[in-house]
Every structure is written in structure tokens, then in C-alpha cells.
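For the sequence shown, our numbering assigns the number 324 to the initial residue and increments by one for each residue that follows. The C-beta atom is built at its ideal place from N, Cα and C for all residues, glycine as well.
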Amino acid sequence: MGPEAERWQVVREIVESALELSTDRRIAYVAEATVGDAELAAEVNSLLESAEATATWIDRSPIGKVQPFTQELAPGRRLAQYEITDKLGAGGMGVVYLAKDERLDRLAALKVLTSLGETEEERRRFAREARAASALNHPNIITIYEYGCADEIDFIAMEYIRGVTLAQLLKQHPPPLAELLEIARQTAKALASAHAAGIVHRDLKPANIMIADGGLVKVLDFGIAKLARQSGDSSTEHNLLMGTPTYMAPEVAQGETADARADIFALGVILYEMAAKRRPFQGKDAMATLTKIVNEDPPRVDSINPAATRQLADLIAKCLAKKPEARLPSMTELAEKLEDILAPAATQSRRWLLAGASALAAGGLTLGISRWTTGPALRYELEAQKEPGQLPYRAAVTDTFRAGWKFRLRLYAAQPGFFYVLTETANDVAVIYPLSGEAAQPAGATVTGWYVFDQTPGMERVWVIWSEKPRELIAKPGRADQTRDAGIRNLLTRLPAGMAGELLQLRHV
Ligand code: ATP
Ligand code: MG
324 MGPEAERWQV
334 VREIVESALE
344 LSTDRRIAYV
354 AEATVGDAEL
364 AAEVNSLLES
374 AEATATWIDR
384 SPIGKVQPFT
394 QELAPGRRLA
404 QYEITDKLGA
414 GGMGVVYLAK
424 DERLDRLAAL
434 KVLTSLGETE
444 EERRRFAREA
454 RAASALNHPN
464 IITIYEYGCA
474 DEIDFIAMEY
484 IRGVTLAQLL
494 KQHPPPLAEL
504 LEIARQTAKA
514 LASAHAAGIV
524 HRDLKPANIM
534 IADGGLVKVL
544 DFGIAKLARQ
554 SGDSSTEHNL
564 LMGTPTYMAP
574 EVAQGETADA
584 RADIFALGVI
594 LYEMAAKRRP
604 FQGKDAMATL
614 TKIVNEDPPR
624 VDSINPAATR
634 QLADLIAKCL
644 AKKPEARLPS
654 MTELAEKLED
664 ILAPAATQSR
674 RWLLAGASAL
684 AAGGLTLGIS
694 RWTTGPALRY
704 ELEAQKEPGQ
714 LPYRAAVTDT
724 FRAGWKFRLR
734 LYAAQPGFFY
744 VLTETANDVA
754 VIYPLSGEAA
764 QPAGATVTGW
774 YVFDQTPGME
784 RVWVIWSEKP
794 RELIAKPGRA
804 DQTRDAGIRN
814 LLTRLPAGMA
824 GELLQLRHV
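See below:
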């Protein structure tokens, strides 16, 4: 055995022994076994935290050939009726591709499993779990199309979501707190419905929450994670090796199986991250993070962010209770509490009222996910055109647009009415649709004209409004004078019955 192999042997022995210990004893053991050798300690700790590792990694010696962990599928490759067109991302269990379902002529996201399915039994369990997840039917839960296998490759075909993950959103352009809480509320709704069907998510984290075009939240990877953890071994060690423990509940970190209350803890961690702009338990490595999860209480979010209310701080603390029985009793209750925070019962219990008021006060919600409605649901599609002569494409509100690009809106309402589009800045309000100013015939759908992004970078605030009756106040096209401006702003804040509205904010550079 050469020195490198000998060194590996030592590392391997320490890691294997460490994995047999409980979390709290493991840290002391690793410290003792690596005392005086910082490099060894670092190597052991990094192996222990390695997010890509699976329970079988220990059998793969770093000397000699290592099997590639993921198998990349190139565009044009076919799997059953799917033709792969693009890679969407990769995670702990596999790679997600954009594909076209040739049979049904629709897009799909294919999750190709690479670290699972080593035995027949594991694959059967995986299939069973995909089926359980596919039984869930909720607007905030991703739709699973099928579980398939072609050319010995296992995959899950699911609804393709055009949008961003919450992880990306938090990292890149965190929107204002009110909007983040709306995402959390929809997430809680999704989980409450899954819990009612007896399915625990077990791997709730920002990377598994997507915000689709138009603002609808979709929770991903239901039950899939559960199976991954059960295949072979459901111990803490396995959980630890499956990925980052940031959102793991203390009881799970200590080896118990996750139940619905572990999802409540995970959503608590996410809410904390939203409100405090930092994670509640963050150690320098996975072990240190786990120790904090088990032993430490993070500072309250209202002591970190003045925009966070006491009510929100109390709620988050209650989700993060160490003992599952001390947490909020159910996800349904968490969803209700978030609803209360977003719209206190106060004078009028309509959600849009507070949302509208706080939107104006806080300088606005972003990414078009706020809906103000007392009328039928309003739907819109955003079309953009990059260059004259180029084909318009279906854009997402979360896209970044450039000066000179054009956009227009297709608007739909469940019942005929009058559509208006306004732009709003701190200084004024302008009506950009309808341009003629005439109260048109009531319609169920309409397409606006094209608008061009100007040279001033920033957020374009665009109000899309539907009204049962024509509204004199906003019928006149162009910039409003002072009194009309005030009147329109007042209307947007307290949208009367028979109206529906949505605020889109388009980022442009
Ligand atoms: P984990 O394996 O622990 O779930 P992860 O969530 O980061 O980790 P994946 O679930 O494999 O990884 O997803 C990888 C990325 O692929 C996601 O972050 C997302 O950007 C993209 N993605 C996944 N599913 C879809 C989907 N249905 N539609 C569009 N994009 C998706
Ligand atoms: Mg995922």
C-alpha cells in the first residue's frame, strides 16, 4: 500500500467509525481522532458533509477508476417518447432535463435518476413512491406525469415549470418580505394538502420550491426524497450524506424518521431565511450545522430585521421548536397564520387590501405575484420581442428585459368586463391601455399593444386591471394629472368589489 492509499485507509476508518456514532458524540470523536492533524480533520469533515455522497460512496476508493456520478444525456437523445432538448439543472439524485413529449406534443421536465436504483427492490420502491407523489393533486404541487424506464435509465416525467427556484430568488434578487411570505403561504398550502393525504415531503428546501411564470408556487420532489432515504438505510448517517442538513429537523438529525412536523421545521427554517436574510443554523460544515440544529436557538427575526413583525417572529420560533410536539400542530395552521400575517382581520378582511397598502408603502411587491381580487380570476400572458423582426416569445415576469425590447400582454378574465393597463412610478400614473380611451365592449380577453422598455434601468411597475363595469377614472389614456393620479392610486389600494388586479414588476437593465 502506497502512502496515499494508507492515508485513505486512515480517513476511511475514521469516517466509518464516526458514522456509527450519534451526532453529538461524532463531533468529539472526530476531533479526538484527528487531533494535531488539521488536514486530516478537514478531509474527514468534508467527506462527512459531502452532499453528493450516497450510502455507498464508502466502497468507492479514490484510488483507481471512479464511476462517473452522473450520466449526462445530450440534446436530441430520446428516452421513450421524450426527446431531450436542454439541461435544466442537477441535484443530489440526478439531473433534470427539458424534454418534448412527442406523443402528447407538450414539454416535460425529466428527472433522470443516477444515484438510485441499484437493485430491483430499490427501483420498485422508487416507482411506488413516484406513484404516491403523483396521486397528489393540488395547484401548488408539481404534477407528475409518469415514472418511466428506457434504455435502463429510470426517470420521472413531470410538469415543466417555467420560472425560478426559491433558492435562486433568495440568492439573486430577494423580493420584499411580503412577497416572500406569500410564497411561504402557498408552500404551506401545498404541504397541508400532502399531509392530509399521508405524504410527508421530508426534503423541503428552497431548491425544491419553484415560482412559476405568473407567481404560482410549485413544490417539487414530493416523496421522492423519502424513498431515496429509505432505500437501503434510513439512518441519520444516510440522511446526512444525502445532502445539506440546513433544513433538517433536530429529531431527524438524531436518527428519528421524519413526520409532518419535520416539514413544519423545514418551512420554519425557510421563513427564517426569508425574514432574517440569513440561515438560522449555519456551521462551517455539515457537522457544525447539525450541532446547532440540535442545540442552539437562533436570535429572533424581529431582532435582526425591523420589517419583521413580532407576530412573524413568534410564528417562526414556534416552527423551530426543538421538540416536534412543541411546534405548530399542523401545516394547515401554519398556512392560516401566514394568511393572518399577510392580511390581518382589521377593518376589512380582504387580502388585497393589506397587500395593496403595503405594496405602496414598501415600494411595491415584485415579480407579479400579487393578486388583488374581488372579481373573477384574472389571467395574463406576457409576450416579449427582443429585436424588430424577431419572433415574440412567451416571457416570464421573472425574466430580465433590456432597453429597446418590446412587450405586450394578453389578458383573460373568467367573465367579460373591461381591461385596463397602467404603469406606475413614484411620481405619476399613466394609463397605457386602452389607448383609444373609449369604453370598449365588455370582453373576456384582450391583447394590448406593444410597449417598449425605455433607457432607464430598474423595475417597471405595470398594473393589470379587470373591472366588471367601465371605470371613468382610468379610462382616459396617458399620464394622469395630480387629482386623477391620487384617485387612481386610491383605487389600486382598495380595489372595490367587481374588480381584479395584478401588479407586475418587470426588471429591466
Ligand atoms: P435534490 O436532488 O435534493 O432535490 P435539487 O432540488 O437542487 O436537489 P433537482 O431536484 O435535481 O435538484 O433539480 C435541479 C434543478 O432543476 C432545480 O433546481 C430546478 O432549477 C430544475 N428543475 C427541477 N424540476 C423542474 C421542473 N419540473 N421544471 C423546471 N425546472 C426544474
Ligand atoms: Mg429538487
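Quick check: is any heavy atom of ligand 1 less than 7 angstroms from the C-beta of residue i?
i, result
"E395", "no"
"L402", "no"
"G417", "yes"
"I639", "no"
"Y483", "yes"
"K423", "no"
"K494", "no"
"T488", "yes"
"D625", "no"
"I587", "no"
"D526", "yes"
"I479", "no"
Determine whether the beta carbon atoms of residue i and residue j lie at a separation below 8 angstroms.
i, j, result
"I778", "A726", "One detail in the question is off: residue 778 reads as Gln in this sequence, not Ile. The answer is yes: Cβ separation under 8 angstroms."
"P529", "I464", "no"
"A703", "R731", "Note on identity: in this sequence residue 703 is Tyr, with Ala being the wrong assignment. No, they are not a contact pair."
"L657", "I587", "yes"
"R846", "F741", "Lying before the first or after the last residue shown, residue 846 is absent from the chain, which here runs from 324 to 832."
"L701", "E825", "yes"
"V744", "V787", "yes"
"V575", "A583", "no"
"M533", "R349", "no"
"A753", "R784", "no"
"Y405", "A422", "yes"
"M654", "I616", "no"
"V866", "N368", "Since the first residue shown for the chain is 324 and the last is 832, residue 866 is missing from the structure and cannot be characterised."
Please tell me whether, using a cut-off of 7 angstroms, the distance from the CB of residue i to the nearest non-hydrogen atom of ligand 2 is below it.
i, result
"L814", "no"
"A431", "no"
"N531", "yes"
"G414", "yes"
"L459", "no"
"L543", "yes"
By a C-beta neighbour count over all protein chains shown, 10 Å radius and 16 as the cutoff for buried, is residue i buried or exposed?
i, result
"K799", "exposed"
"A768", "exposed"
"Y716", "exposed"
"T670", "Below a pLDDT of 50, predicted positions are generally treated as unreliable, and T670, at 26, falls in that range; no measurement from the model is reported."
"A823", "buried"
"S790", "buried"
"T806", "exposed"
"N750", "exposed"
"R508", "buried"
"Q828", "buried"
"K494", "exposed"
"K792", "exposed"
"E596", "buried"
"A809", "exposed"
"A820", "exposed"
"N840", "Residue 840 falls outside the range modelled here, since the chain spans only 324 to 832, and no answer is possible."
Can you pull the DSSP bridge partners for residue i?
i, result
"G828", "According to the sequence shown, residue 828 is Gln rather than Gly. Q828 is bridged to R784."
"M533", "T488 and K541"
"R401", "E406"
"Q634", "According to DSSP, Q634 bridges with nothing at all."
"G740", "A766"
"W789", "F742 and A823"
"E469", "A480"
"Q708", "K729"
"L421", "D409 and A432"
Within 8 angstroms of any Cβ in chain C, is that where the Cβ of residue i sits?
i, result
"L661", "Among the chains of the structure shown, chain C does not appear; only one protein chain is present."
(request) Determine, using beta-carbon pairs with one atom in the region 476 to 494 and one in the region 513 to 522, whether at least three such pairs fall under 8 angstroms. (result) no
(request) Report yes or no: do three or more beta-carbon pairs, one from the region 598 to 616 and one from the region 646 to 653, lie closer than 8 angstroms? (result) no
(request) Could you tell me whether the region 458 to 477 touches the region 488 to 508, where touching means 3 or more Cβ pairs closer than 8 angstroms? (result) no
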